[in-house]
Amino acid sequence: LRGEAALKAALTATKLGQNELAEKYLRLIAITPGMESFRSDAVVALMANSFSKKDYRGVMDAYKKSGVDVADLAELPPGVQSPARDDRQAERLMLAGRSCFQLNLPAEALRLFRQIERILPAQDDLAYQSSYYRLLCCFEFGGANLPDQVDAFLQIYKKSRATDSRIHTALLMKAESLFGRKEYALAAPAYAEIDATLINESTRSGMLFNRGRCLAEAGDPQGALRSLSK
Numbered sequence: 147l148r149g150e151a152a153l154k155a156a157l158t159a160t161k162l163g164q165n166e167l168a169e170k171y172l173r174l175i176a177i178t179p180g181m182e183s184f185r186s187d188a189v190v191a192l193m194a195n196s197f198s199k200k201d202y203r204g205v206m207d208a209y210k211k212s213g214v215d216v217a218d219l220a221e222l223p224p225g226v227q228s229p230a231r232d233d234r235q236a237e238r239l240m241l242a243g244r245s246c247f248q249l250n251l252p253a254e255a256l257r258l259f260r261q262i263e264r265i266l267p268a269q270d271d272l273a274y275q276s277s278y279y280r281l282l283c284c285f286e287f288g289g290a291n292l293p294d295q296v297d298a299f300l301q302i303y304k305k306s307r308a309t310d311s312r313i314h315t316a317l318l319m320k321a322e323s324l325f326g327r328k329e330y331a332l333a334a335p336a337y338a339e340i341d342a343t344l345i346n347e348s349t350r351s352g353m354l355f356n357r358g359r360c361l362a363e364a365g366d367p368q369g370a371l372r373s374l375s376k
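Sequence positions in the sequence shown follow the working numbering and run 147 to 376.
Here you go:
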């Protein structure tokens, strides 16, 4: 009952805006023997609270001190039956992966995102998100073979999520990667598939400019003019 009471107290404190008190109860659950059945919810809540405050080191601190990080990242040998999974595991991995991304720890972020993809069906929303963030990580930190990785991502998700902004941002990552390598003939079709209205407004003008330059280099001056005039 102590664990249940502590979790209820934490939730009540959160509703009342008493964040420090809420975190006190959540940390108690996260590290106290005998409260294991409430630990999963407590750790996710702690991590989410820190993430909402952009305290990415706090996210990782809560994750690692809870001790669940080791089990979350365990890889079973081939042929070994996987035990029942904690249903909050993917949420923890996502919060930890996105925090590592913000902390400029790409190798660790990629490891966390890949683990989500291992434990969830491809069409699960968290698996989709993790696959997208893995691409973003490779784009921001110079991962190898990004265009091929984007193609694999699109093969799985493009048909079912055609109007999702992440699909078009992934196309943009592919196009920009090829454009940066001066592979204009390959970049142009990727740019052409992008719906500019689904791209973040802060990057839209740059995308349209680069698309225009790319189309000009690829021998499509009319397409270049259309892109540059938008």
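Even for Gly, the Cβ is constructed at its ideal location relative to N, Cα and C.
6 Å Cβ shell around residue i - same chain, five flanking residues per side excluded
i	result
Tyr-278	Arg-312
Ala-156	Ala-168, Tyr-171, Leu-172
Ala-308	none
Met-451	Past the edges of the chain, shown from 147 to 376, lies residue 451, and the structure says nothing about it.
Option in the options with minimal Cα separation from residue i
i	options	result
Gly-163	Arg-280, Gly-289, Asn-195, Arg-148	Asn-195
Thr-315	Phe-197, Leu-281, Gln-368	Leu-281
Val-214	Phe-325, Tyr-202, Asp-187	Asp-187
Ser-323	Phe-287, Arg-350, Asp-310, Thr-343	Phe-287
Gln-275	Ser-212, Ile-302, Asn-165, Asp-201	Ile-302
Cys-360	Glu-347, Ser-348, Gly-326	Gly-326
Leu-249	Gly-289, Asp-270, Gly-204, Asp-218	Gly-204
Gln-235	Ala-151, Thr-160, Leu-266, Ala-298	Leu-266
Gly-289	Asp-310, Ala-253, Ala-151, Leu-272	Ala-253
Met-206	Ala-255, Lys-304, Ser-348, Tyr-337	Ala-255
Ala-151	Asn-165, Phe-184, Lys-161	Phe-184
Continuous alpha helix (DSSP H) stretch holding residue i: start and end
i	result
Met-206	202-212
Asp-297	292-303
Ala-273	271-287
Arg-257	252-265
Asn-356	347-363
Leu-344	Neither: Leu-344 is in no alpha helix (DSSP H) and is coded neither H nor E.
Glu-329	Premise fails: Glu-329 is in no alpha helix (DSSP H) and is neither H nor E.
Arg-238	235-248
Arg-372	367-374
Other residues of its chain near residue i: CB distance less than 8 Å, five sequence neighbours each side excluded
i	result
Ile-340	His-314, Leu-317, Leu-318, Ala-321, Met-353, Arg-357
Ala-230	Interpretation of Ala-230 is limited by its pLDDT of 47, a score under 50 that renders its predicted location unreliable; no figure is taken from the coordinates.
Ser-306	Gln-269
Pro-367	Leu-361
Phe-299	Ser-277, Tyr-278, Leu-281, Ala-316
Leu-292	Leu-281, Cys-284, Phe-285, Met-319, Lys-320, Ser-323
Cβ-based neighbour list, residue i, same chain, cut-off 7 Å, excluding 5 preceding and 5 following
i	result
Leu-192	Glu-169, Leu-172, Arg-173, Ala-176, Ala-208
Leu-258	Leu-239, Ala-242, Gly-243, Cys-246
Ala-268	Ile-302
Ser-375	none
Residue i Cβ short of 7 Å to the ligand ATP heavy atom set
i	result
Ile-265	Of ligands this structure carries none, so the ligand ATP is not represented either.
Spell out a yes or no on whether the region 326-333 and the region 355-371 are touching, meaning 3 or more CB-CB pairs, one atom from each, closer than 8 Å.
yes
**Prompt:** Can you list, in chain order, the stretches of the alpha helix (DSSP H) that have 4 or more residues and sit fully within the region 151-193?
**Reply:** 165-177
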